[in-house]
Amino acid sequence: MEWIEWLLSREFRQFILDNNLFFPLLFLARLVGVTTLESFVPARNVSYRSVLFLDIIGFAVLVYVTAPAAGYLRSFIAVKPVVQESILTLPTVVVLFLYYVVGDFGAYWMHRFWHLSPIWRIHKWHHSATSMYWLAGYRASFLQLVLFGLPWGVALSVLGKAPWWIFLIVTISHILVNDWQHMNVTWRSNWLEWVFITPRLHHVHHSDNLTLSNANFGVIFSIWDRLFGTYVNPDEVKEPLSFGIGEKVPLVRLVLGI
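According to our numbering, the stretch in the sequence shown is residues 354 to 611, in order.
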């Protein structure tokens with residue numbers, strides 16, 4: 354069919370780029386796909402009436418206000434080390450692997466840092482969601498976004514002058530990982546959880562139980578939690594989990610992280 358050929362053509366790709374439609378279309382695809390998946394195999398009931406409006410506001414503020422502002426500020430404070438030329442000559446798969454390992458190791462410690470008492474306010478907005486589903490993952494304060502980008506900014510130096518599509522893969526992967534971790538799905542895979550953070554692991558971290566929320570800090574890999582003693586096995590956690598921060602904080606303070 355002609356319309357299928359057009360969708361696969363270079364002209365269509367250029368049309369998407371010229372009109373800045375890529376990320377809106379990606380969001381629409383995620384909205385349909387993830388919502389459908391959550392409806393088929395939900396981990397728990399979600400009270401959308403009580404959280405959806407706030408999550409939509411949070412998502413819009415993140416995309417159009419806090420993320421651009423945080424990115425601008427971070428460009429002045431991020432320090433990128435010099436990477437040896439030999440690293441840049443490695444196969445693309447190896448370079449991507451190094452990027453995720455370096456970035457996630459830093460993100461693990463950054464995440465633990467946020468849970469320290471004086472710093473907790475930076476991260477409260479993210480933990481304020483009382484229902485766990487994919488859109489709740491986009492509650493991120495301005496200061497959280499500034500700091501969270503630092504370890505990944507360092508990791509970007511591993512990629513060097515990689516082709517544009519590598520950076521596109523990296524960007525999409527971060528979006529999908531965030532969707533995946535917060536997704537309200539029943540997913541049980543013990544072998545996968547030996548290496549990666551799954552929804553089960555991350556939902557434990559979002560518990561309003563302080564002992565549980567101070568565990569499972571990994572962003573992509575669960576190995577850091579296992580190595581540094583912060584891993585909690587979801588099988589040993591009593592359900593049902595409850596979420597939230599247990600206090601009322603002005604929305605502006607939550608969004609700013611102050």
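No residue lacks a Cβ here, since even glycine has one placed at the ideal position from N, Cα and C.
Inter-residue Cα distance where the pair is residue i and residue j
{"i": "ASP408", "j": "PRO395", "result": "19 Å"}
{"i": "GLY597", "j": "VAL523", "result": "30 Å"}
{"i": "LEU580", "j": "VAL454", "result": "14 Å"}
{"i": "VAL499", "j": "LYS591", "result": "35 Å"}
{"i": "MET485", "j": "ASN567", "result": "17 Å"}
{"i": "TRP547", "j": "THR483", "result": "27 Å"}
{"i": "PRO668", "j": "GLN534", "result": "Any property of residue 668 remains undetermined from this structure, which presents the chain solely from 354 to 611."}
{"i": "ALA431", "j": "GLY502", "result": "Low confidence applies to ALA431: its pLDDT is 49, below 50, so where it sits in the model is not reliable enough to give any reading."}
{"i": "SER575", "j": "LEU378", "result": "31 Å"}
{"i": "THR539", "j": "ALA489", "result": "17 Å"}
{"i": "TRP467", "j": "TRP478", "result": "12 Å"}
{"i": "ARG383", "j": "TRP473", "result": "30 Å"}
{"i": "TYR491", "j": "PRO421", "result": "14 Å"}
{"i": "LEU469", "j": "LEU565", "result": "14 Å"}
{"i": "ARG606", "j": "PRO587", "result": "32 Å"}
{"i": "SER510", "j": "PHE406", "result": "38 Å"}
Minimum C-alpha distance to residue i - residue among the options
{"i": "VAL557", "options": "ALA460, VAL499, SER403, HIS480", "result": "HIS480"}
{"i": "LEU390", "options": "SER560, MET536, ASN569, TRP547", "result": "MET536"}
{"i": "PRO444", "options": "TRP577, ILE525, ARG606, LEU512", "result": "LEU512"}
{"i": "ASN612", "options": "PHE466, ASN531, GLY599, LEU545", "result": "One cannot answer for residue 612 here, as it falls past the ends of the chain, which runs 354 to 611."}
{"i": "ILE550", "options": "VAL414, TRP518, ALA460, ASN398", "result": "ALA460"}
{"i": "LEU604", "options": "PHE375, VAL414, GLU589", "result": "VAL414"}
{"i": "PRO504", "options": "LEU451, SER403, THR419, VAL447", "result": "LEU451"}
{"i": "GLY582", "options": "ILE528, TRP462, SER510", "result": "TRP462"}
Under 8 Å between C-beta atoms of residue i and residue j
{"i": "GLY610", "j": "LEU496", "result": "yes"}
{"i": "TRP487", "j": "VAL385", "result": "no"}
{"i": "SER595", "j": "SER560", "result": "yes"}
{"i": "ASP457", "j": "VAL602", "result": "no"}
{"i": "VAL608", "j": "SER526", "result": "no"}
{"i": "PHE570", "j": "ARG465", "result": "yes"}
{"i": "PRO552", "j": "ARG397", "result": "no"}
Residues sharing a beta bridge with residue i, DSSP
{"i": "SER560", "result": "PHE596"}
{"i": "PHE549", "result": "PHE574"}
Bounding residues of the alpha helix (DSSP H) (the contiguous stretch that carries residue i)
{"i": "PHE520", "result": "517 to 535"}
{"i": "PRO504", "result": "495 to 512"}
{"i": "ARG397", "result": "Here ARG397 belongs to no alpha helix (DSSP H), and DSSP marks it neither H nor E."}
{"i": "ALA482", "result": "That residue, ALA482, is in no alpha helix (DSSP H); it is neither H nor E in DSSP."}
{"i": "TYR461", "result": "445 to 467"}
{"i": "ARG606", "result": "604 to 609"}
Any chain D beta carbon closer than 8 Å to residue i
{"i": "SER481", "result": "This model lacks chain D altogether; it includes just one protein chain."}
beta-carbon residue i near the ligand FAD non-hydrogen atom, thresh 7 Å
{"i": "HIS468", "result": "Although the ligand FAD was asked about, the structure shown includes no ligands whatsoever."}
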